[in-house]
Amino acid sequence: MSWVALYSQLVGANRHATSLGKVWLSVLFIFRVMVLVVAAESVWGDEQSDFTCNTLQPGCENVCYDQFFPVSHIRLWSLQLVFVSTPTLLVSMYVAYRNHYNKRRLLQGSGRASIINKEQEEELEKLKKRRLPIAGALWWTYLCSLVFKMLFESVFMYALYVVYDGFQMPRLVQCDQWPCPNLVDCFISRPTEKTIFTVFMATASSICMVLNLAELAYLIAKALNR
Amino acid sequence: MGEWDLLGRLLEKVQSHSTVIGKVWLTVLFVFRIMVLRTAAEKVWGDEQSDFICNTQQPGCENVCYDLAFPISHVRFWVLQVIALATPKLLYLGHVLHVIHVEKKIKERMQNHAELDNKAYIFLRRTFKVPKYTKSSGKISIRGRLLRSYVLHLIAKIVLEVLFIVGQYFLYGFTLETLYVCSRFPCPHKVDCFLSRPTEKSIIIWFMLVAAIISLALSIAELLYLFVKAVKECAARRQDYTVTPVTPPRSEKKAFRKQGEVIQNYINLDLELQGRKLGMNGIAGGVGDGAVDVTTENSIGEIQI
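Order-wise, the sequence lines are chains D and B. Numbers 1 to 226, taken from the numbering used here, label the letters of the first sequence in order. Numbers 227 to 531, taken from the numbering used here, label the letters of the second sequence in order.
What follows is the structure, encoded as structure tokens:
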């Protein structure tokens, strides 16, 4: 996954964000993406190779691993980060649409669309670089993007909680799926370290949700004041 | 790794708003800690679990003994340590950026009001805010609220550094022994387990520990440096106050006959308070004997970085 490419996309959209939005982006990339790539991926790296079951029955380990880890934490977190970043692109899409609309209006105002003089070019550039105030349709788009961000965050956190029965990784799991001959003890690799990182990522996720809530409240307050 | 680059870029932005010692601290962080972490430590700890061998055939015993011996791997511990140390600096960067943004807006507003009548402008200006942190060269000086948040971030860095060093000591000690004895279920009895590359790991642990202690020393030195400078500025300012009063005593105010002198006095008062000279050559009128020629030094009350 090229997180750097995602970052460059989001930074462009971030120009039109509030300051809380900019803080949110930094928290997202430093405390979640960076920790995921630098630390968490190496912790979960040997999760299947070091998943040991007390049995010689071939195939039993594979089946038990599959039963207890339908989708790995790393994949869930990567999907969560991608989904949570996407609503920001809604905002940049809207801004691009507005710029295009302004450009068309400017060209129409001048008369013939083919003749663009220096002055109009400058004005076009100024329009593109100007930071749009968050009002009107942009306000609604921004609000929608915030709501979707919070929705995706909570859905993924809930999914992680449900699939793995909480945020703690057990040391021992017992399984008796065919072809295991009886109730077999299976041991997970590095459960404590995995628990530490699961709790860390859940905390970072909650901080991001709180930031989104605060931004939502700020936007609504600003609109009510106007 | 591209991910460390993002942190690097953000921390570099703070560099221009730090003291000299702060810049050295950042270099130590990047070269001795992050780079060593990326290039050396990850390779040495690469086979930490696969080569953790226990003297038993019991399936699962190695897993649980490894988990007991290393609740969190050294490499991940150091990654969390670096991120935790960078956080106060990033919060300070946020504050600096906020201040820059506010000052830019004030400057714009001041420029917009430059068209007003000169005299009206002088009196009106008192009601507007004037840029407080920007020097004439355009750079931001660390004083007032910025200084307070800088000191706070230094204290947070020191506390976090100490916490992590102490935490590492209580988790693993500072050396790794070759042998680890473990008797957790499902190991049938006390089992001997052997770590992989204990000597190499101990050397790198010592290296990272020395780097952490150097960082801690630099942070403490920076705090002392700021403290000593503040005390010196305070002492110098107190001296200045006893020699040059800001406004003339009430009895001498009769010396102001012309409106120009009153305006000039107002300006003098303003300049002394703001500590900055603005070119106002257009104001007519000489200065009466009662008014004092105030020397304004940019360094009074502010810490030049």
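Every residue gets a Cβ at the ideal spot worked out from N, C-alpha and C, and that includes glycine. Computed from a predicted model, the values in this text were never measured in an experiment.
| Check | Outcome |
| --- | --- |
| Sub-8 Å separation of B:V290 and D:F83 beta-carbons | no |
| Distance between beta carbons of D:V95 and D:S145, contact taken as under 8 Å | Not really, about 12 Å apart at Cβ, beyond 8 Å. |
| Alpha-carbon spacing of D:L213 relative to D:F31, whole angstroms | 18 Å |
| Rounded distance between the beta-carbons of B:G286 and B:P414, thought under 8 Å | Actually they do not touch by this definition, with Cβ atoms about 11 Å apart. |
| Interface residues of the region 28-48 of chain D facing chain B [CB-CB below 9 Å] | F29, I30, F31, V33, M34, V35, L36, V37, V38, A39, A40, S42, V43, D46 |
| Short CB-CB distance (under 8 Å) between B:R371 and chain D | no |
| CA nearest to the CA of B:R217, picked from B:D277, B:F390, B:M261 | Given a span of 227 to 531 for chain B in the structure shown, any question on residue 217 of chain B remains unanswerable. |
| Of the listed residues B:F390, B:L236, B:V270, nearest to B:K315 (C-alpha basis) | B:L236 |
| Proximity winner among B:W304, B:S242, B:S244, relative to B:A266 (alpha-carbon distances) | B:W304 |
| B:V308 (DSSP reduced to helix, strand or coil) | helix |
| Cα-Cα separation between B:E387 and B:I440, rounded to whole angstroms | 10 Å |
| Cβ neighbour criterion (16 or more within 10 Å) applied to B:C460 | exposed |
| Integer Cβ distance of D:V23 from D:K194, believed to fall under 8 Å | Not really, about 29 Å apart at Cβ, beyond 8 Å. |
| Straight-line gap, B:S544 to B:E268 (C-alpha atoms, nearest Å) | Since the first residue shown for chain B is 227 and the last is 531, residue 544 of chain B is missing from the structure and cannot be characterised. |
| Whole-angstrom C-beta distance between D:V38 and D:L179, which should lie under 8 Å | Looking at the sequence provided, one finds Pro at residue 179 of chain D rather than Leu. Not confirmed; about 38 Å, so no contact. |
| Assumed close pair B:F258, B:A437 - CB separation to whole angstroms, cut-off 8 Å | 4 Å |
| Within chain B, the residues that D:V171 reaches when beta carbons sit closer than 7 Å | The sequence shown places Arg at residue 171 of chain D, not Val. Going along chain B in sequence order, the residues near D:R171 (Cβ under 7 Å) are V290, D293. |
| is_contact[B:G248, chain D] using C-beta, thresh 8 Å | no |
| Run of the beta strand (DSSP E) containing D:C186, from where it starts to where it stops | 184-187 |
| Cβ neighbour criterion (16 or more within 10 Å) applied to D:M201 | buried |
| Contact with chain B by D:D176, beta-carbon distance below 8 Å | no |
| C-alpha distance - B:L450 paired with B:M261, whole-angstrom precision | 28 Å |
| Under 8 Å from the C-beta of B:I309: neighbouring residues of chain D | I30, F31, M34, V35 |
| Neighbour flag for D:V23 against chain B, beta carbons, 8 Å | yes |
| Span of the alpha helix (DSSP H) around B:Y292 | 287-295 |
| Residue of B:L372, B:V385, B:K427, B:I368 minimising C-alpha distance to B:T404 | B:K427 |
| Range covered by the alpha helix (DSSP H) that runs through D:Y164 | It is not in any alpha helix (DSSP H) - D:Y164 carries neither H nor E in the DSSP assignment. |
| D:Q67 to D:G59 span [Cα, whole Å] | 12 Å |
| Range of the contiguous alpha helix (DSSP H) that encloses B:F390 | 371-398 |
| Whole-angstrom C-beta distance between D:P70 and D:V163, which should lie under 8 Å | 6 Å |
| Inter-residue spacing [alpha-carbon to alpha-carbon] between D:K149 and D:P87 | 6 Å |
| Three-way DSSP call (helix, strand, coil) for B:D496 in this model | helix |
| D:L81, buried or exposed, once every other Cβ within 10 Å from all chains shown has been counted against 16 | buried |
| One or two residues paired with D:C175 in a DSSP bridge | D:V184 |
| Environment of D:M34 [buried if 16+ CB atoms lie within 10 Å] | buried |
| C-beta contact flag for B:L421 and B:Y406 at 8 Å | yes |
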